[in-house]
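**Student:**
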Amino acid sequence: MLNPYLNFDGKCREAFDHYRSVFGGDFEIVQTFRDGPPGMGVNEEEMDNIMHVSLPIGDSVLMGSDVPAAFGAAPVTGSNVQVSVSPESKEDADRVFAGLSDGGKVTMPMMDMFWGDYFGTCTDKYGINWMVGVGQTQD
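So for the sequence shown, numbering that gives the first Met the number 0 puts the first residue at 0; every next one is plus one.
Structure (structure tokens):
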């Protein structure tokens, strides 16, 4: 399954409330940085910003987050989109991740994450940002 992932500079909640008003439905997940583990390095002013939100639309899921200052450069409109892919197993995720990152740049290696997924991110040799994750109910 492929799903778009949008990054924002503090406007994720506002944007996703708008998308929900357009497409209807309910959010599957809404987490703020305050919901994350301690030590993430997020400023107190950004703790209530969105760490992850997902809105099912038909057979797809629109996902997004705010990018706190501690995580690096603010998102740039036009390049603030990533493609999320959900392989069936950890082994398949490793294969897909290796293929996508070959000749590109690994930004977060595949690993078990605090929210329960096996997850990693990379930019392929064509400049496309990818998120690879196996959910808690997969594998």
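We put the beta carbon where it would ideally sit given N, CA and C, even for glycine. It should be emphasised that the depicted structure is a prediction, and the values quoted were computed from it without experimental measurement.
#1: Where does the unbroken alpha helix (DSSP H) through G98 begin, and where does it stop?
#2: Under 8 Å by Cβ, that's how I've got I28 and S59 pegged, so tell me the actual separation to the nearest angstrom.
#3: Helix, strand or coil: how does DSSP classify V133 here?
#4: Going by DSSP in three states, S85 sits in which element: helix, strand or coil?
#5: Can you tell which of S20, F26, R94 and N48 has the C-alpha that lies nearest to the C-alpha of F32?
**Tutor:** Let's see:
#1: Counting from 1 along the sequence shown, the entry for residue 98 is found at position 99. Taken as a continuous stretch (DSSP letters only), the alpha helix (DSSP H) holding G98 covers K89 to S100.
#2: Position 29 of the sequence shown, counted from the first residue, corresponds to residue 28. Position 60 of the sequence shown, counted from the first residue, corresponds to residue 59. With 8 Å as the limit, I28 and S59 do not qualify as a contact, their Cβ atoms being about 15 Å apart.
#3: Numbered from 1 along the sequence shown, position 134 holds the residue referred to as residue 133. Looking at V133 - three-state DSSP - the assignment turns out to be strand.
#4: Here residue 85 refers to the residue found at position 86 when the sequence shown is read from its first residue. Coil at S85, not helix or strand.
#5: For the purposes of this step, residue 32 is taken as residue 33 along the sequence shown, with counting starting at 1. It is N48 whose Cα lies nearest to the Cα of F32.
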